[in-house]
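Enquirer: Quick note, the sequences are listed as chains A and B, same order.
Quick note: to get my numbering, add 5 to the position in the first sequence (first position is 1).
Quick note: to get my numbering, add 15 to the position in the second sequence (first position is 1).
By construction, the Cβ of each residue, glycine as well, lies at the ideal position given by its N, Cα and C atoms.
The structure that follows is given in the form of structure tokens.
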Amino acid sequence: MEVAVQILFNTFVAGAIYALVAIGFNLIYSTARFFDVGYAGIAIGAAYVVLYTYKTLQFPLVISIACGVIAAGGLGWVIEKTIYKPLRVRKASNTVLLVASIGVLTVLQSILALLFTSQFQTLSRDIGSLHVLEFGGGAITETQVIIIVTAIILMCAVMYVLRYSLFGKAIRAIADDEEVARIVGIPSERLIGFVFFLGSAIGGVAGIASGFDSGVHPTSGLTLVLEGIIAAIIGGIGNVGRGVLGALLLAAIENVGVWLVSGEWRGAIAFAVLILVLLFRPRGIFST
Amino acid sequence: MGSKMWLIIGIVVVALIVAFAYMRGTDTAVSESGPIKIGVSMPLSGEAASYGEAGRAGLELALKEINDAGGVNGRTVELIYEDDTCDSTGATVFQKLTSIDNVVAIIGPVCSAAAGPALPIARAAGTPTILIGASAPGLAGGDDSIFSNYASDSLQGKFVADYVYNTLGKRKVAVLYVKNDWGQGLQQVFSDSFTALGGTVVFNDGAAQDATDVKTLLTKIKAEQPDLIYLPAYPALAVVTLRQMKDLGMITPVMGGDALVGDEFLNSGVADGVMYVTGAVGTPDSFKDKVKALSGSDTAINIITPLGYDALHILANVIAEKGTDPKAIVEGLKGLNYTSGISFSVISYDQNGDLKEAAYDVNVVKGKTPEKLSL
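Okay, here's the thing in structure tokens:
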């Protein structure tokens, strides 16, 4: 069944991008304990950095992507140090931090629109040289395969680091209880800064992947990250592995839904699943 | 400073703001002296910004010509540009132009997605409005103050169905449309006309204006193996669709609508080989040269330019004859028989406010430039 194979491929690509978003988002949420919506602005900002370095400055591809990812991480770190940390020090509630992150998102989107215009733009330099591979009746491009492989590698790397490294243990300790972690001697402020760098960098990878897959627009970061947030919540918020599974599940449900019902229902299906999960299994489908 | 002090200051500030707004707002009548203010609603930013820029170029030329000749009845004409971003922001724009700026008339919108929410406001206020591109069926409808300088899509959809069936000889078509007034209107007319001619619409579905992933919809289309894909989409969705068609290895010919006339689409890298239909709006070289002389040699010019140009000249003529009373302007527009237009040789409106006649061109993109196909 050719169509089924193609739907499978579509699911993997979409799932990979959602998974990347969910990994970064979960990392930030598990330590900072609030919904960082500004993450969306950073993710799409990374894509715009790649747009600038790759298309305007004509840097080679790998260097452009590296610039984008590092820029995203750096931006995340700076925002954490200048905006979120002072609020945290003053014992701001999670709602206040959420509102602050909405402000961050708005400012980032506006800056991007000012610098790059709000036109929809594509990332690739030369569409003609696309390599399309065909397996079992379904088509997938080289770029999409790279996105999937990157998502798998990052997921494994992050999970390994979280589980087995000292750094990972410290992060999990902070995620558990920040005050006690500090009492025990973990430099939580420094580590939270690093987590923001890492999480935002991964978000940047997600934004760049999405940019290559479809295109960039100043407001497309929010749609992308919303899907990733839904994936993280469905899987089990705060846990990287469960977020990835949630991402795959969400992508599968969306694509099968569009296939069986209609393209118009795509958004409705995603949010309906979210509502059902929150009603019946709020800790996530895959939580114990 | 106690909290009572702040409360008093707050009340005084609010009272001042309300008083100020009230004093400004009591000027509800259109002024009888001073410059004649005409509002313009166009997409000046966003995915359709090139239409707005092209329209502005034409309007500026007309404005210069009118004011250099002494204005209208001795008064200069002033254009108030507002950005409707090709979506429901149009309603806010119209609200501002009619209630706050008290304009004599409005030119625009260009996008049907902006016109849908905006026009009821103009209708209720009786403000004469000339659409310069918004073409969803029924927008100008009814005996009211709304007129359109660009033919309704009820004609465009029929033309495309006829062209695809008779000239191109296609029998199985898949339709992928953008979910807004324009896309939905076009796909409805096209599907009905194509089926009436004897063809089959094997797939008919829509995607949101800002959708970024239509791969599964395209997979469904691929499975149906149509002879042609009809894609009435705005530039962003069109670019995404064509990109992902390439990703999926689909080589089905694509026919688009008149929304693809902007640079956003032509320069996107995926436009090569795509056909699209536009209204047969005249853009003679002499006109283009005059526009470029005023607005700069790299100004984007497309069909919206002469539409805007003619709309402003028409309004100037009608106001010169009938004055600035909205009802008189509407009467003047109803009886219009304008033959000095650049866009069409004769502009006159039927009882709904739509253009009486319409003609269309089919273009195909070669590289980044559109080429007209002979019909």
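Ile-244/B and Val-269/B look like a contact to me (Cβ under 8 Å); what is the Cβ gap, rounded to whole Å?
Expert: Translated into the one-based positions of the second sequence, residue 244/B becomes position 229. Translated into the one-based positions of the second sequence, residue 269/B becomes position 254. That belief holds up - the Cβ atoms of Ile-244/B and Val-269/B are roughly 5 Å apart, short of 8 Å.
Enquirer: Using the beta-carbon count (16 or more within 10 Å), is Gly-133/A buried or exposed?
Expert: Translated into the one-based positions of the first sequence, residue 133/A becomes position 128. Only weak support is given to the placement of Gly-133/A: the predicted model assigns it a pLDDT of 49, under 50, and the value that follows is read from those uncertain coordinates. Classification for Gly-133/A: exposed.
Enquirer: Examine chain B for any beta-carbon lying closer than 7 Å to the beta-carbon of Gly-154/A, and answer yes or no.
Expert: For the purposes of this step, residue 154/A is taken as the residue at position 149 of the first sequence. The amino acid at residue 154/A is misidentified as Gly; the sequence shows Val. Not an interface residue.
Enquirer: Counting beta carbon pairs with one atom in the region 92-106 of chain B and one in the region 52-60 of chain B, are three or more of them shorter than 8 Å?
Expert: Yes, the region 52-60 of chain B is in contact with the region 92-106 of chain B.
Enquirer: On the three-state DSSP scale, how would you describe Arg-138/B?
Expert: To locate residue 138/B, count along the second sequence from 1; it is residue 123. Helix.
Enquirer: DSSP on Ile-266/B, reduced to helix/strand/coil?
Expert: Taking the second sequence and counting its residues from 1, the one referred to as residue 266/B is at position 251. Three-state result, Ile-266/B: coil.
Enquirer: Does the region 192-210 of chain A come close enough to the region 134-143 of chain A that 3 or more CB-CB pairs lie under 8 Å?
Expert: Flag = no, the region 134-143 of chain A and the region 192-210 of chain A do not touch.
Enquirer: Residues of chain B with CB under 8 Å from Ala-144/A, in chain order?
Expert: Position 139 of the first sequence holds residue 144/A. Here the neighbours are Asp-262, Leu-263, Gly-264.
Enquirer: Quick one: Cα of Arg-93/A to Cα of Ile-47/A, how far?
Expert: Start at 1 with the first residue of the first sequence, and residue 93/A comes out as number 88. Start at 1 with the first residue of the first sequence, and residue 47/A comes out as number 42. Each residue's alpha carbon lies about 20 Å from the other.
Enquirer: With distance defined between alpha-carbon atoms, name the residue in Lys-307/B, Ile-357/B, Val-292/B nearest to Leu-390/B.
Expert: Start at 1 with the first residue of the second sequence, and residue 390/B comes out as number 375. Nearest of Lys-307/B, Ile-357/B, Val-292/B to Leu-390/B, Cα basis: Val-292/B.
Enquirer: For Gln-11/A, decide whether its Cβ has a neighbour in chain B, counting only Cβ atoms nearer than 7 Å.
Expert: Within the first sequence, the letter at position 6 stands for residue 11/A. Judged by the 7 Å Cβ criterion, Gln-11/A is in contact with chain B.
Enquirer: Note down the Cα distance separating Leu-113/A from Gly-241/A, rounded to an integer number of angstroms.
Expert: Along the first sequence, one-based indexing puts residue 113/A at 108. Along the first sequence, one-based indexing puts residue 241/A at 236. Taking the straight line joining both Cα atoms gives about 28 Å.
Enquirer: Ignoring anything shorter than 4 residues or poking outside the region 26-97 of chain B, list the alpha helix (DSSP H) runs there in chain order.
Expert: With a minimum length of 4 residues, the continuous alpha helix (DSSP H) runs that stay inside the region 26-97 of chain B are 64-83.
Enquirer: Buried or exposed: where does Glu-336/B fall if 16 or more other Cβ atoms within 10 Å of its Cβ makes it buried?
Expert: Taking the first residue of the second sequence as 1, we reach residue 336/B at position 321. When all chains shown are included, Glu-336/B counts as exposed.
Enquirer: For Lys-259/B, which residues of its own chain have a beta-carbon under 7 Å away from its beta-carbon, when the five flanking residues on both sides are left out?
Expert: To locate residue 259/B, count along the second sequence from 1; it is residue 244. First, the residue type needs correcting, since residue 259/B is Gln and not Lys in the sequence shown. Cβ neighbours of Gln-259/B beyond the five flanking positions: Val-229, Lys-230, Leu-233.
Enquirer: Which residues in chain A have a C-beta closer than 9 Å to the C-beta of Pro-250/B? List them in chain order.
Expert: Residue mapping note: residue 250/B aligns to position 235 of the second sequence, counting from 1. Here the neighbours are Gln-124, Phe-125.
Enquirer: Candidates Ala-64/B, Trp-21/B, Val-27/B: which alpha carbon is nearest Asp-278/B's?
Expert: Reading the second sequence from its first residue, position 263 is the one you call residue 278/B. Selected option, being the one with the closest Cα: Ala-64/B.
Enquirer: For a contact meaning CB atoms closer than 9 Å, what does Asp-225/B contact in chain A?
Expert: Stepping through the second sequence from its first residue, residue 225/B is reached at position 210. Phe-125, His-222, Thr-224, Ser-225, Thr-228, listed in chain order.
Enquirer: First and last residue of the beta strand (DSSP E) that includes Ala-37/A?
Expert: Counting from 1 along the first sequence, the entry for residue 37/A is found at position 32. That residue, Ala-37/A, is in no beta strand (DSSP E); its alpha helix (DSSP H) goes 7-37.
Enquirer: Grouping DSSP H, G and I as helix and E and B as strand, with all else coil, what is Gly-133/A?
Expert: Mapped onto the first sequence, residue 133/A falls at position 128. Note that Gly-133/A scores 49 on pLDDT, short of 50, meaning its location in the model is unreliable and no value can be drawn from it.
Enquirer: How about the region 358-371 of chain B and the region 163-180 of chain B: do they share at least three Cβ pairs that are nearer than 8 Å?
Expert: In short, these stretches touch, since the Cβ pair count reaches three.
Enquirer: Any C-beta of chain B within less than 7 Å: which residues of the region 18-37 of chain A qualify?
Expert: Those would be Ala-19, in chain order.
Enquirer: Is there at least one Cβ from chain B nearer than 7 Å to Ser-69/A's Cβ?
Expert: Position 64 of the first sequence, counting from 1, holds the residue named residue 69/A. No, Ser-69/A lies away from the interface with chain B (no Cβ there is under 7 Å from its Cβ).
Enquirer: Going by the CB atoms, is the gap between Ile-316/B and Lys-305/B shorter than 7 Å?
Expert: Locating residue 305/B in the second sequence gives position 290, counting from the first residue. Locating residue 316/B in the second sequence gives position 301, counting from the first residue. Going by C-beta atoms, Lys-305/B is not nearer than 7 Å to Ile-316/B.
Enquirer: Which first and last residues belong to the beta strand (DSSP E) in which Ile-145/B is found?
Expert: Here the question's residue 145/B lines up with position 130 in the second sequence. 144-146 is the extent of the beta strand (DSSP E) around Ile-145/B.
Enquirer: Mark Asn-260/A as exposed unless 16 or more other C-beta atoms lie within 10 angstroms of its C-beta, in which case mark it buried.
Expert: On the first sequence, residue 260/A is found 255 positions in, with the first residue counted as 1. Asn-260/A should be labelled buried.
Enquirer: Would the beta-carbon of Val-379/B fall within 7 Å of that of Met-290/B?
Expert: On the second sequence, position 364 is the one that residue 379/B refers to. On the second sequence, position 275 is the one that residue 290/B refers to. It is a contact, given that the beta carbons lie within the stated cut-off.
Enquirer: So the candidates are Val-377/B, Ser-160/B, Ala-331/B, Lys-387/B; which of them puts its Cα closest to the Cα of Ile-51/B?
Expert: In the second sequence, residue 51/B corresponds to position 36, counting from 1. Ranking Val-377/B, Ser-160/B, Ala-331/B, Lys-387/B by Cα distance to Ile-51/B puts Ala-331/B first.
Enquirer: Consult DSSP for Gln-3/A and reduce its assignment to one of helix, strand or coil.
Expert: The displayed coordinates of chain A run from 6 to 293. Any statement about residue 3/A would go beyond what the structure contains.
Enquirer: Using the C-alpha atoms, what's the distance from Lys-86/A back to Ala-222/B?
Expert: Reading the second sequence from its first residue, position 207 is the one you call residue 222/B. Reading the first sequence from its first residue, position 81 is the one you call residue 86/A. Computed Cα separation, rounded: 40 Å.
Enquirer: Rounded C-beta distance between Glu-183/A and Ser-193/A? I'm assuming under 8 Å.
Expert: Here residue 183/A is taken as the residue at index 178 of the first sequence, counted from 1. Here residue 193/A is taken as the residue at index 188 of the first sequence, counted from 1. Glu-183/A to Ser-193/A, Cβ: 6 Å. Contact.
Enquirer: What residues from chain B crowd round Val-263/A, counting only those whose CB sits closer than 7 Å?
Expert: By 1-based counting over the first sequence, the position of residue 263/A is 258. In chain order: Thr-231, Leu-232.
Enquirer: Using three-state DSSP, classify Ser-18/B as helix, strand or coil.
Expert: Residue 18/B sits at position 3 when you count from the first residue of the second sequence. The answer is helix: DSSP assigns Ser-18/B an H, G or I state.
Enquirer: Under the rule that 16 or more other beta-carbon atoms within 10 Å means buried, what is Gln-202/B, buried or exposed?
Expert: Taking the first residue of the second sequence as 1, we reach residue 202/B at position 187. Its Cβ being crowded by 16 or more others within 10 Å, Gln-202/B is buried.
Enquirer: Hey, how far is the Cα of Ser-160/B from the Cα of Gly-368/B?
Expert: Position 145 of the second sequence, counting from 1, holds the residue named residue 160/B. Position 353 of the second sequence, counting from 1, holds the residue named residue 368/B. Distance between the alpha carbons of Ser-160/B and Gly-368/B: 8 Å.
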